[in-house]
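The next block holds one structure in the form of structure tokens; read it before the comments.
Protein chains: 2
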Amino acid sequence: MTSSKPTTEPHTPARSPMRARFREQVREDVKAAALRQLAQGGAAAISVNAIAKQLGVSGPALYRYFANRDELLAELVIDAYHDLAAELATATDRELGLSPGERLRAFATAWRGFAQSEPHRYQLLFTPPLPGYDAHSEPLVTASQTVMTAALAVLEDERQILSAWTRLHGFVTLELGGNFASMGIDADVLFAGEVAAIVDAAPTSDQ
Amino acid sequence: MTSSKPTTEPHTPARSPMRARFREQVREDVKAAALRQLAQGGAAAISVNAIAKQLGVSGPALYRYFANRDELLAELVIDAYHDLAAELATATDRELGLSPGERLRAFATAWRGFAQSEPHRYQLLFTPPLPGYDAHSEPLVTASQTVMTAALAVLEDERQILSAWTRLHGFVTLELGGNFASMGIDADVLFAGEVAAIVDAAPTSDQ
DNA sequence: GACTTGAGTTATAGTCTCTAACAAGAGAAT
DNA sequence: ATTCTCTTGTTAGAGACTATAACTCAAGTC
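In the order they appear, the protein sequences are chains A and B. Going by this note's numbering, the final residue of the first sequence carries number 439, and the count climbs one at a time with no gaps. Going by this note's numbering, the final residue of the second sequence carries number 439, and the count climbs one at a time with no gaps.
Structure representation (structure tokens):
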């Protein structure tokens, strides 16, 4: 009788604060290693086994910290959302004293900058990498909303935000896919033109 | 001396025409099964093993027909390019007697229609699913150009094509990712607005 | 009828995710 | 201090996958 627990509990919620800190530390290490693999070989290259080996620990140990591979990926997505939102926010900070048009421009370049500097992470955000991936799970959605609030700080009309969003995202994904490069197109000038058009389309921005 | 071949040759080029036809048949069957898996679980769900089982044949047999899994995926991409180009072409056929603006609209709806009816295939096109995937390999690029020529038939200015392309692609990928749905946005009206804006931005199209 | 091709088979190596069962340390309770 | 429990690690192993190697055997060819 006694405990009757099935020996293995997926998420140990951590009783002592020390333990909790330790767990958090390890989780961060795991995610850092996962990011390294992501940067090299894309999402498919992220392997729990390989991460464990890299951390000098043996295989299944990591399942103490993440229920499964998908949960790990989901956390990477959430982190990426937060980081993107943060970069957007600092780039368009009101303290900088930019005009509405300039802030929109700053938003666009920050967006593209994130995608260029961390293409795999960007792809992770907008491309469901997993078969049974649920984009509508609670934490995912709330994380994605942080990005939306960053956008709302630049354009208050929802229609405008969405239009700008589709244009930016479309440009960036095509660029990442190498579609422009394979056509011998200078992505920089194309981007400049697109941004100008986006700014023009936004009435709030008096240049 | 004699032959010295290492017993296994990846691509048997087929000597007899009968054999060639048979091979082609089998390859098509394999691709059809792969498409079924793709439609269900995405690119990651495509398994050579599972396909073989489905065709009533045992595992490694398929390696007579495809060098490896990546080659199979690459062929799916090429086919998808061709199909998309074909649908675009028929939707914007000059025979239909549409005005330039209407043809552009038809192009846009055909584009979105393809993405909606076969989301995983669309995603396959624009999202490198494989770690060591080379988007610039010769056959891939030429296949993607068939789509570009279809676009060129609707808009002759390259800048305009690219702008329309980024907007369409951005909209469609965000829609497929469920980003609009999770925000409670009616994608149809948003799309209508985007298309109107795209048409307006194209000077050739006198409505 | 012997000989060459080609297409299938099984066996196997090596990778992966994930579960189960067990060992051992760290802290807390007594 | 000793015991007890919780936590974290270990190895073993199931099950799935890609891919190679070595073989069997049918179909055609000369």
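Note that the Cβ used here is the ideal one computed from N, Cα and C, for glycine as well.
Contact list for B/L294 against chain A, beta-carbon separation under 9 Å: By Cβ distance, chain A contributes nothing, its closest Cβ being about 21 Å from B/L294, past 9 Å.
Please go through the same chain and pick out, in chain order, the residues whose beta-carbon is closer than 7 Å to the beta-carbon of A/A317, but skip the five residues on each side of it. T378, V379, A382
When A/S376, A/L287, A/G291 are compared against B/M415, the one with the closest alpha-carbon: A/S376
Unbroken stretches of the alpha helix (DSSP H), 4 residues or longer, contained in the region 308-382 of chain B: 332-349, 351-358
Taking only the alpha-carbon atoms, compute the straight-line gap between A/Y313 and B/L328 and give it to the nearest angstrom. 45 Å
Quick one: which chain B residues come within Cβ less than 8 Å of A/E426? S395, T398
Taking only runs of the alpha helix (DSSP H) that begin and end inside the region 397-428 of chain A, which ones reach a length of at least 4 residues, in chain order? none
Can you give me the Cβ contacts of B/A284 inside the same chain, cut-off strictly under 7 Å, excluding the 5 residues immediately before and after it? S290, G291, A293, L294
Kindly say whether A/T341, judged by its beta-carbon, lies nearer than 7 Å to any beta-carbon of chain B. no
Could you check whether A/R335 and A/T322 sit closer than 7 Å to each other, using their CB atoms as the reference points? no
Rounded separation between B/L394 and A/V431 - CA only: 18 Å
Tell me whether the beta-carbon of A/V359 lies closer than 7 Å to the beta-carbon of B/G402. Checking the sequence, you will find Thr at residue 359 of chain A rather than Val. Result no, Cβ atoms of A/T359 and B/G402 do not sit closer than 7 Å.
Secondary structure of A/L287, DSSP reduced to three states: coil
Checking contacts by CB at 7 Å: is B/L308 closer than that to chain A? no
Start and end residues, alpha helix (DSSP H) containing B/E260: 249-273
B/P281: buried (16+ other C-beta within 10 angstroms of its C-beta) or exposed? Note that residue 281 of chain B corresponds to Asn in the displayed sequence, not to Pro. Looking at its Cβ environment, which holds fewer than 16 other Cβ atoms inside 10 Å, B/N281 is exposed.
Should B/A340 and B/L400 be called a contact, given that it needs their Cβ atoms to be closer than 7 Å? yes
Residues that A/R391 contacts on chain B, provided the C-beta gap is smaller than 8 Å: L422, G425
Would you mind telling me which residues of chain A sit closer than 9 Å to B/I417, beta carbon to beta carbon, in chain order? E390, L394
Between B/Q286 and the rest of its own chain, which residues show a CB-CB distance below 7 Å, the 5 nearest in sequence each way excluded? A265
Determine the DSSP secondary structure at B/L394, reduced to helix, strand or coil. helix
Can you find the residues in the same chain that come closer than 7 Å, C-beta to C-beta, to B/V427, ignoring five residues on each side of it along the sequence? R337, A340
Starting from B/A271, find everything on chain A with Cβ-Cβ shorter than 8 Å and list it in chain order. The contacting residues do not exist; B/A271 stays about 12 Å from chain A at best.
Using a Cβ-Cβ cutoff of less than 6 Å, which residues in the same chain neighbour A/V404 once the five nearest sequence positions on both sides are dropped? R344, A347
Report yes if the CB atom of A/L408 is closer than 7 Å to the CB atom of A/H352, and no otherwise. no
Within its chain, find whatever has a CB closer than 6 Å to the CB of B/G364; leave out the 5 residues flanking it on each side and keep chain order. Annotation note: pLDDT 48 at B/G364 (below 50); position unreliable, coordinate value reported separately. Counting only Cβ-Cβ distances below 6 Å, and skipping sequence neighbours, we find nothing.
Give the straight-line distance between the Cα atoms of B/P249 and B/R259, rounded to the nearest whole angstrom. 15 Å
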